[in-house]
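The sequence shown runs contiguously to residue 480 in our numbering.
For every residue, glycine included, the Cβ atom is placed at its ideal position computed from N, Cα and C.
Working notes, structure below.
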Amino acid sequence: MASQIFVAKLEVEKAPKTCAAFTSLLPFRNQTIHSRWSGEAIWVPLGDYQFGVDFENHTCYPSRGDILLYPGGHSETELLFAYGSSSFASKMGALAGNHFLTIVEGREQLDDMGKLVLWKGAQPILFEALD
350 MASQIFVAKL EVEKAPKTCA AFTSLLPFRN QTIHSRWSGE AIWVPLGDYQ
400 FGVDFENHTC YPSRGDILLY PGGHSETELL FAYGSSSFAS KMGALAGNHF
450 LTIVEGREQL DDMGKLVLWK GAQPILFEAL D
């Protein structure tokens, strides 16, 4: 996010294929918008992009600071970034996404990030590897 920096842990042991697919795209730049169905979360719509992964370490109920990849199927491919209470869903109903990143630094900024996207609209997002 433009004004917030977060450090996340890759959940390599629990979601190895998702982590490998996502890290192969780094640095990853896109736009994030506020979720319509999932509660306190922002998301990155990715349309019909295929990461080539199946479900692993998937959940409908991400915790605050969890980042999920929905690999597509019933709804479009997307990233979901929970900043508070969230139940992952789309207009098609409940979705499960692969929990592959967990915020470990900057959690105190999660509420500000969510409110920024909610009240100011789409924001740029960048994922990059730390040295």
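What separation, rounded to the nearest whole angstrom, lies between the Cα atoms of residue i and residue j?
i    : j    : result
S412 : P376 : 25 Å
E405 : G446 : 8 Å
Y410 : W392 : 15 Å
L438 : L359 : Here residue 438 turns out to be Ala, not Leu, going by the sequence shown. Cα-Cα distance, rounded: 23 Å.
A357 : N379 : 17 Å
D403 : E457 : 32 Å
Have a look at the options and flag the residue whose alpha-carbon is nearest the alpha-carbon of residue i.
i    : options                : result
W468 : S436, F437, A364, T381 : T381
K440 : Q399, E425, K464       : E425
A478 : A471, L374, D461, Q353 : L374
E362 : S434, I474, H448       : H448
By the DSSP assignment, the beta strand (DSSP E) with residue i in it spans what residues?
i    : result
P365 : Note, P365: premise wrong, no beta strand (DSSP E); alpha helix (DSSP H) at 365 to 372.
The ligand FAD and residue i: does any heavy atom of the ligand fall closer than 8 Å to the residue's C-beta?
i    : result
I416 : Absence of the ligand FAD is noted for the structure shown, with no ligands found whatsoever.
Return the first residue and the last residue of the alpha helix (DSSP H) that residue i is part of.
i    : result
L459 : 459 to 469
According to DSSP, which residues form a beta bridge with residue i?
i    : result
H448 : L417
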